[in-house]
Structures are given as structure tokens and as C-alpha cells.
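Numbering (the numbering used here), first residue to last: 382 to 486.
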């Protein structure tokens with residue numbers, strides 16, 4: 382075997398080994414993230430809400446650490462509630478007035 386072909390063979394082996402090492406490191410990182418989520422709890426981020434202006438039907442969350450996803454489908458759509466600056470619930474009439482001012486009616 383000449384040295385050029387051996388260099389090529391070793392280069393190919395090194396490339397394959399580097400790809401495998403990267404894959405194993407990703408598995409190790411995911412394992413560590415799952416262990417952290419198991420021990421400390423997930424770090425949920427809200428990524429989606431399905432519904433319309435005044436009803437919510439589905440909520441989607443993703444863990445920022447392990448990338449786990451949870452989709453919560455509500456059996457009954459939940460009504461959205463609005464509160465004023467003092468934390469008091471707005472009446473339906475107040476909400477209608479605000480909506481009219483938004484759409485220009």
C-alpha cells in the first residue's frame with residue numbers, strides 16, 4: 382500500500398469517527414437535559430394558542446431545555462377574560478366598547 386492511499390483511508394476513518402463522536406455528544410447532551418428536567422422540572426415556553434379573540438381551544442408548550450412538547454386540547458373552549466389596570470374583570474359591555482373602538486365601529 383502506498384502512503385497516498387493510506388492517508389486517504391485514515392482521513393476517511395477520521396471523518397467517520399468525528400461524525401460518530403458528534404452524534405454521541407448530542408445523545409449525551411440530550412440525556413443530561415432530560416435528567417435536569419426530571420430533577421428540576423421542565424422550562425415551559427408558550428409557543429402556540431389556537432382559538433379566536435375570546436375563546437381558547439388548544440395551548441402548545443415546548444420545554445426550552447429538552448425540547449419536549451405538550452399540546453393541551455381543551456374539551457370545552459375556554460373564554461378569555463380581560464382585566465383592567467386594577468385587576469378587576471371587565472364587563473362584556475366594556476369589552477364590546479373596546480372591540481368597537483379597535484375595528485372602528
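Every residue gets a Cβ at the ideal spot worked out from N, C-alpha and C, and that includes glycine.
Going along the chain, which residues of its own chain have a beta-carbon closer than 6 angstroms to the beta-carbon of residue i, five neighbours each way excluded?
i, result
"residue 440", "430 and 453"
Please name the residue in the options whose C-alpha comes closest to that of residue i.
i, options, result
"residue 449", "458, 385, 468 and 427", "427"
"residue 438", "445, 425 and 456", "456"
"residue 484", "391, 389 and 434", "434"
"residue 444", "406, 467 and 415", "415"
Which class does residue i belong to by DSSP, given the choice of helix, strand or coil?
i, result
"residue 450", "strand"
"residue 392", "helix"
"residue 438", "strand"
"residue 405", "helix"
"residue 457", "strand"
"residue 399", "helix"
"residue 470", "strand"
"residue 424", "coil"
Taking 7 angstroms as the limit between beta carbons, can you name the residues of its chain near residue i, skipping five residues before and five after?
i, result
"residue 569", "The structure shown does not extend to residue 569, since the chain is modelled only from 382 through 486, so no value can be given for it."
"residue 399", "none"
CB-CB under 8 angstroms to residue i, same chain, minus the five flanking residues each way: which ones, in chain order?
i, result
"residue 446", "414, 417, 418, 423 and 424"
"residue 410", "none"
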